[in-house]
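If you're matching them up, the sequences are chains E and Y in order. For what it's worth, UniProt numbering labels the leading residue of the first sequence as 1, then goes sequentially. For what it's worth, UniProt numbering labels the leading residue of the second sequence as 1, then goes sequentially. First up is the structure itself, then whatever we jot down about it.
2 protein chains.
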Amino acid sequence: MTQQNPLLSLQHQLGYLFTDVKLLRQALTHRSYAQNHYERLEFLGDGVLNCSIARCLYDQFKDIKEGELSRIRAHLVKQDTLVLIAQDLSVSKYLLLGEGEMKSGGLNRPSILADAVEAMIGAIFLEAGFDVAQSVVARLYAPLLKNIDPSSAGKDAKTQLQERLQGQKLPVPKYDIIEIQGAAHEQVFTVSCFIEALQVRTQGEGSTRRLAEQQAARLAMDVLEHSQQSSIKKRN
Amino acid sequence: MTQQNPLLSLQHQLGYLFTDVKLLRQALTHRSYAQNHYERLEFLGDGVLNCSIARCLYDQFKDIKEGELSRIRAHLVKQDTLVLIAQDLSVSKYLLLGEGEMKSGGLNRPSILADAVEAMIGAIFLEAGFDVAQSVVARLYAPLLKNIDPSSAGKDAKTQLQERLQGQKLPVPKYDIIEIQGAAHEQVFTVSCFIEALQVRTQGEGSTRRLAEQQAARLAMDVLEHSQQSSIKKRN
Numbered sequence: 001m002t003q004q005n006p007l008l009s010l011q012h013q014l015g016y017l018f019t020d021v022k023l024l025r026q027a028l029t030h031r032s033y034a035q036n037h038y039e040r041l042e043f044l045g046d047g048v049l050n051c052s053i054a055r056c057l058y059d060q061f062k063d064i065k066e067g068e069l070s071r072i073r074a075h076l077v078k079q080d081t082l083v084l085i086a087q088d089l090s091v092s093k094y095l096l097l098g099e100g101e102m103k104s105g106g107l108n109r110p111s112i113l114a115d116a117v118e119a120m121i122g123a124i125f126l127e128a129g130f131d132v133a134q135s136v137v138a139r140l141y142a143p144l145l146k147n148i149d150p151s152s153a154g155k156d157a158k159t160q161l162q163e164r165l166q167g168q169k170l171p172v173p174k175y176d177i178i179e180i181q182g183a184a185h186e187q188v189f190t191v192s193c194f195i196e197a198l199q200v201r202t203q204g205e206g207s208t209r210r211l212a213e214q215q216a217a218r219l220a221m222d223v224l225e226h227s228q229q230s231s232i233k234k235r236n
Numbered sequence: 001m002t003q004q005n006p007l008l009s010l011q012h013q014l015g016y017l018f019t020d021v022k023l024l025r026q027a028l029t030h031r032s033y034a035q036n037h038y039e040r041l042e043f044l045g046d047g048v049l050n051c052s053i054a055r056c057l058y059d060q061f062k063d064i065k066e067g068e069l070s071r072i073r074a075h076l077v078k079q080d081t082l083v084l085i086a087q088d089l090s091v092s093k094y095l096l097l098g099e100g101e102m103k104s105g106g107l108n109r110p111s112i113l114a115d116a117v118e119a120m121i122g123a124i125f126l127e128a129g130f131d132v133a134q135s136v137v138a139r140l141y142a143p144l145l146k147n148i149d150p151s152s153a154g155k156d157a158k159t160q161l162q163e164r165l166q167g168q169k170l171p172v173p174k175y176d177i178i179e180i181q182g183a184a185h186e187q188v189f190t191v192s193c194f195i196e197a198l199q200v201r202t203q204g205e206g207s208t209r210r211l212a213e214q215q216a217a218r219l220a221m222d223v224l225e226h227s228q229q230s231s232i233k234k235r236n
């Protein structure tokens, strides 16, 4: 990282060198820092990202139906996934935020990190066209695309757990509220997930019943995963 | 339209001649007609359409913020708008549907018409790349893009009416349910919209309260439009 071009290492990681580095700088500029901020680039980048991921999935999964492709795409372009990409690129090192945003933790705010990734993709599209932008997206997403399980990606934990049990011809799990604590707007729900046939019981917590159920289902999936692995080890 | 290439006139209207006409044929094939149907192409085309429209709007409206661009894009890519494009292209003349779909009116079903437009865009993208697909989208949308009002496109009638009255420093209109007719699942709501300051009163009907309010608001907008035009004529 030299004084002349402080964004050089970021560009190397993106695999694209900007002709006009001001465009990259704009993609990293939050509205709290300057008027020439990233929001319009983010709008553009969102479209480029969606289209690029659609193309990657279309090519990679030749036998998968439209509904499933849409689910996997939604999983890949959602904020949580973009934050992982932003962290890989150390985007927070390069973000330009106003003082107030800085103090309130903006450098690590998921929405800002995700927006900046989209804005950078939009900036590349604007300068170099779709094909170059798509190849950058494909490179950034390569590890995720390589390891993706098309049957589960983007499915919530309750759905995954239910499908897994149905695959073993077992009845669906039972969810029960164990406890609701706290005042009206800061309630914490504790929910149990019980799989009678396997005698597995887990508990999840969350600010809504739904979130607590999802956590309980995720923990139940972990238990099943773990018990399957130990039974495989025992057999070998 | 010759026997050799029955899809020639459609291709002329699209402004793109396919090298592989089978791909266009697939884009027009509903799942009820053959296994090699349009759904995966539609998934791809949806992404291409979104990205192309984003680019058109980004270039056309240099001073419009991201939130407004998103609203206008949503308006342009929604099913109703795609149906207009499909009708312009006479897509229903070329659709391949199974017998059951045909009998139940599939040739004019909005979802099928909209899907086929997206699938054709996806097919062009696959064969000729993004830039060609984008230029086809830009051509298909040219009349809509030319006449678009960025301040109102994609806003519902109630919002438009409220903003119009606020612009004249007038209070918001009042909506009242006048009547609910019919049995539980086929109710018809009649709602009035009253703008006291202008003594304008309209009535809308719909299967939900919301739809009835929207219709009443749309009619009120028509009344205001009409009275504004007559007062301009009187002045001249």
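All C-beta atoms in this analysis are idealised placements derived from N, C-alpha and C, irrespective of residue type, glycine included.
Contacts that residue i makes with chain Y (C-beta to C-beta distance below 9 angstroms)
| i | result |
| --- | --- |
| V117/E | Near V117/E there are no residues of chain Y at all, since even the closest Cβ is about 15 angstroms away, more than 9 angstroms. |
Residue closest to residue i, alpha-carbon to alpha-carbon, out of the options
| i | options | result |
| --- | --- | --- |
| F130/E | S207/Y, Q13/Y, Q35/Y, A54/Y | A54/Y |
| V48/E | G106/E, S227/E, K93/E, V77/E | V77/E |
| L126/E | Q13/E, R235/E, S231/E, L24/E | L24/E |
| L107/E | S70/E, A138/E, Y94/E | Y94/E |
| C56/E | A138/E, D176/E, L144/E | A138/E |
| I121/Y | A184/Y, A197/Y, Q134/Y, H226/Y | Q134/Y |
| Q26/Y | M102/Y, R40/Y, L14/Y | R40/Y |
| Q13/E | Q87/E, G67/E, A216/E, Q181/E | Q87/E |
| S70/Y | L145/Y, G154/Y, Q187/Y, A142/Y | G154/Y |
| R210/Y | L28/Y, D176/Y, A183/Y, L7/Y | D176/Y |
| H30/Y | Q228/Y, K234/Y, M102/Y, A197/Y | M102/Y |
Chain-order list of residues whose beta-carbon lies under 6 angstroms from that of residue i (same chain, five-residue window excluded)
| i | result |
| --- | --- |
| F43/E | none |
| Y33/E | L96, L97, G98 |
| R218/Y | A157 |
| Q3/Y | Low confidence applies to Q3/Y: its pLDDT is 45, below 50, so where it sits in the model is not reliable enough to give any reading. |
| V91/E | L113, A116 |
| E179/E | T190 |
| L82/Y | A114, V117 |
Listed by chain order, chain E residues near residue i by CB distance under 9 angstroms
| i | result |
| --- | --- |
| V83/Y | Correct list: empty, because the minimum Cβ distance to chain E is about 19 angstroms. |
| D88/Y | None at all; the shortest Cβ gap to chain E is about 23 angstroms. |
| L23/Y | Going along chain E, no residue has its Cβ under 9 angstroms from L23/Y, so there is no contact; the nearest lies around 13 angstroms. |
Close beta carbons around residue i, own chain, < 7 angstroms, minus the five adjacent residues each side
| i | result |
| --- | --- |
| S152/E | Q160 |
| A220/Y | L161, P173, C193, I195, V200, T202 |
| A212/Y | F189, T190, V191, G204, E205, G206 |
| P150/Y | F61, I64, E68, I72 |
Amino acids of chain Y, ordered along the chain, whose beta-carbon sits closer than 7 angstroms to that of residue i
| i | result |
| --- | --- |
| K65/E | E39 |
Residue i at chain Y interface by Cβ criterion, 8 angstroms
| i | result |
| --- | --- |
| N50/E | yes |
| F130/E | yes |
| Y58/E | yes |
| M1/E | Annotation note: pLDDT 41 at M1/E (below 50); position unreliable, no value reported. |
| residue 302/E | Missing from the structure shown is residue 302/E; chain E here goes from 1 to 236 and no further. |
| G47/E | yes |
| S70/E | yes |
| A54/E | yes |
Interface partners of residue i on chain E, CB under 7 angstroms
| i | result |
| --- | --- |
| E42/Y | E66 |
CB contact check: residue i to chain E, cutoff 8 angstroms
| i | result |
| --- | --- |
| L28/Y | no |
Same chain, Cβ closer than 8 angstroms to residue i, neighbours up to 5 away in sequence not counted
| i | result |
| --- | --- |
| K62/Y | none |
| C51/E | F130, Q134 |
| D80/E | P110 |
| Y58/Y | L69 |
| Q214/E | D156, A157, K158, G204, G206 |
Item to check | Cβ-based contacts, 9 angstroms cut-off: residues of the UniProt domain "DRBM" (156-226) of chain E near chain Y | outcome: Those would be none; no residue qualifies.
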